[in-house]
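Just so we're aligned, residue 22 is where the sequence shown starts under the working numbering, counting upward by one. For glycine and all other residues, C-beta sits at the position ideal for the given N, C-alpha and C. What you are looking at is a predicted structure, and each value in this text was computed from that prediction instead of being measured. Notes to accompany the following structure.
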Amino acid sequence: MKQQQGSVLIITVVVLFAATMIGLYAMRGTIMQDKMTANINNKVSTSNAAEDGATQFLNWADNRFKTSGWPTSSSDKNSWKGGLTADLIPYTNPVNGVSASNIQNGRYYWIKTDANIAGCSVANTNPCWDDTNQQVTVQITGNLIKGTGSDTKILGESVYQVKFAAPQAVRLPELPGALTLAGNVNSFSGANSNVFRIDGGHKLAIATGDVNSNNTVKNGIPSNRNDAAHYPGGSGCPSSGACVKNTDLGLWGDANQVMALVNSIKNAPGVTYVEGDATNLPACSGIVIITGSLRTNGNQCSFNGILLVLGGNYDVRGNGGDYVGALYVANISSNGSGGYQFSSSPTQFAGGGNMTITYDSSLMDDSVNPSYSSRTSVLSWVDVL
22 MKQQQGSVLI ITVVVLFAAT MIGLYAMRGT IMQDKMTANI NNKVSTSNAA EDGATQFLNW
82 ADNRFKTSGW PTSSSDKNSW KGGLTADLIP YTNPVNGVSA SNIQNGRYYW IKTDANIAGC
142 SVANTNPCWD DTNQQVTVQI TGNLIKGTGS DTKILGESVY QVKFAAPQAV RLPELPGALT
202 LAGNVNSFSG ANSNVFRIDG GHKLAIATGD VNSNNTVKNG IPSNRNDAAH YPGGSGCPSS
262 GACVKNTDLG LWGDANQVMA LVNSIKNAPG VTYVEGDATN LPACSGIVII TGSLRTNGNQ
322 CSFNGILLVL GGNYDVRGNG GDYVGALYVA NISSNGSGGY QFSSSPTQFA GGGNMTITYD
382 SSLMDDSVNP SYSSRTSVLS WVDVL
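See below:
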């Protein structure tokens with residue numbers, strides 16, 4: 022009997038122990054689940070904070086671009102710094118304490134100005150300003166915090182990296198070729214170098230406005246380069262040889278329309294306007310307008326945009342550089358009665374040895390009128406941490 026009672030007691034203890042262990046494991050699972058839920062909630066809060074900060078920087082940048090253009094000075098590029106009450110972005114590390122006015126529901130966002138952004142030309146610089154392409158990359162840190170001032174405690178952190186582009190400059194009516202020569206062309210010299218190339222893409226390599234000008238261009242191409250390998254283009258090209266064609270230049274074949282266009286955009290953002298002759302490219306991107314002739318010497322920067330030379334002569338000496346976009350050369354002068362005409366002095370073009378021109382319509386559209394993109398573009402939005 023006593024042996025049976027002892028057995029029952031042992032079984033009872035084992036059952037109780039098992040039940041206790043099951044309860045402990047269940048409790049442990051609940052605790053772990055609670056911790057996971059808390060971590061997820063913290064991550065959501067910090068991500069939301071970083072996203073709020075990125076949105077605020079976008080709003081600041083968009084307003085800046087539209088009202089004052091692309092920032093050029095150090096003070097302009099740092100004018101985002103400030104508090105939330107001024108619609109600006111804090112830049113104080115919460116480790117050093119946070120002002121209550123910069124906290125929203127326990128969330129705080131800020132820009133760590135010495136963060137290193139991969140690909141930035143200046144290390145440990147945040148935001149990273151790309152003046153050439155008018156793009157800015159910024160890392161925004163979002164924190165979940167408790168307390169303010171010296172009592173601030175950091176409960177979580179997320180980092181977003183976003184990249185914005187300023188509103189594009191004027192978009193011009195499409196040019197018919199990678200190189201468009203308007204008016205009477207009496208001199209064309211295509212380089213004999215195997216590197217020299219004018220690529221019209223889906224357009225013409227070289228577009229002219231009359232038969233005589235077209236013949237001048239074709240005769241100026243070295244016989245061993247007069248082919249589609251050095252002067253390729255789209256479906257409108259001749260069946261053989263270089264893609265050079267006499268065609269309707271549209272607006273670009275009317276001196277009055279060209280000058281009306283030039284006068285309407287010469288002060289627009291992204292447009293570089295030079296009155297008179299130039300000895301080198303005044304800018305390496307955007308829309309460049311030179312009312313005189315252009316002569317370049319030696320190595321040039323790689324140009325991305327549209328170049329309008331309105332003084333009749335574009336003489337490239339040296340390597341010439343790479344051009345992506347389109348070139349337009351014409352000799353436009355006053356007609357003496359308030360209008361414009363293609364001058365009796367002919368249009369001339371001489372290409373450099375290693376020069377390449379590749380058609381790109383990024384700054385053009387199919388409208389006969391210039392358009393303008395007033396929207397700041399979001400190029401990327403990445404969760405870094």
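| Check | Outcome |
| --- | --- |
| Tell me which same chain residues have a C-beta within less than 6 Å of the C-beta of F209, skipping the five on either side of it? | T237, V238, G241 and F370 |
| Using the C-alpha atoms, what's the distance from D248 back to N215? | 11 Å |
| Buried or exposed: which applies to C322, given that a residue is buried once 16 or more other Cβ atoms fall within 10 Å of its Cβ? | exposed |
| Is W273 buried or exposed, if buried means 16 or more other CB atoms sit within 10 Å of its CB? | buried |
| Grab the span of the alpha helix (DSSP H) containing N277 for me, first residue to last. | A276 to I286 |
| By Cβ distance below 6 Å, which residues in the same chain neighbour C141 in space, the five residues on each side in sequence not counted? | C149 |
| Count the other CB atoms, across all protein chains shown, that sit within 10 Å of the CB of E178; report buried if there are 16 or more and exposed otherwise. | buried |
| Quick one, which of L225, N340, N352 and T268 has its alpha-carbon nearest V232's? | T268 |
| Mind checking whether R192 and M385 have CB atoms under 8 Å apart? | yes |
| What's the gap between the Cα of I166 and the Cα of G104? | 17 Å |
| Please state whether DSSP places T293 in a helix, a strand or coil. | strand |
| Tell me, which residues are paired with V345 by DSSP? | N325 and T379 |
| Give the list of continuous beta strand (DSSP E) stretches no shorter than 3 residues that lie fully inside the segment 107 to 184. | 128 to 131, 149 to 151 and 156 to 167 |
| Given 8 Å as the limit, is there contact between the segment 152 to 164 and the segment 62 to 79, that is, 3 or more CB pairs closer than that? | yes |
| Let me confirm a value: D220 is counted as buried when at least 16 other C-beta atoms fall within 10 Å, else exposed. Which label applies? | buried |
| Would the beta-carbon of N301 fall within 8 Å of that of N320? | no |
| Taking the alpha carbon of G346 as the point to measure from, which residue in S354, R246, G168 and L196 has its own alpha carbon closest? | L196 |
| Straight-line CA distance for S256 to H223? | 7 Å |
| Measure the alpha-carbon distance for D298 versus L348 and round it to whole angstroms. | 16 Å |
| For S18, which of helix, strand or coil comes out of DSSP? | Any answer about residue 18 is impossible in this case: the structure gives the chain only from 22 up to 406. |
| Buried or exposed for V157, going by 16 or more other Cβ atoms inside 10 Å? | buried |
| Work out the CA separation of N145 and G198 for me, nearest whole Å. | 43 Å |
| When every heavy atom of the ligand NAD is checked, does at least one fall within less than 7 Å of the C-beta of A263? | Among the components of this structure there are no ligands whatsoever, and the ligand NAD is therefore not found. |
| For the alpha helix (DSSP H) containing G237, list its first residue and its last residue. | According to the sequence provided, residue 237 is Thr. The question's Gly does not apply to it. V232 to N240 is the span of the alpha helix (DSSP H), which, as asked, contains T237. |
| Determine the extent of the alpha helix (DSSP H) in which K224 is found, giving its start and end residues. | No alpha helix (DSSP H) holds K224; DSSP gives it neither H nor E. |
| Please report the Cβ distance between Y344 and T377, rounded to the nearest whole angstrom; I am assuming they are in contact, meaning their Cβ atoms lie under 8 Å. | 7 Å |
| Compute the distance between the beta-carbons of N213 and F363, then report whether it is under 8 Å. | no |
| Starting from the Cα of A250, find the closest Cα among A263, S244 and C258 and give me that residue. | A263 |
| Quick test of the definition: if touching needs 3 or more C-beta pairs under 8 Å, does the segment 324 to 336 touch the segment 302 to 314? | yes |
| Measure how close the beta-carbons of V279 and I310 come, nearest whole angstrom, since I'm counting them as under 8 Å. | Not quite, the Cβ-Cβ distance comes to about 10 Å (not below 8 Å), so this is no contact. |
| So what does P194 bridge to, in DSSP terms? | D386 |
| Using 10 angstroms around the beta-carbon of S89, count the other beta-carbons present and answer buried if the total reaches 16, otherwise exposed. | exposed |
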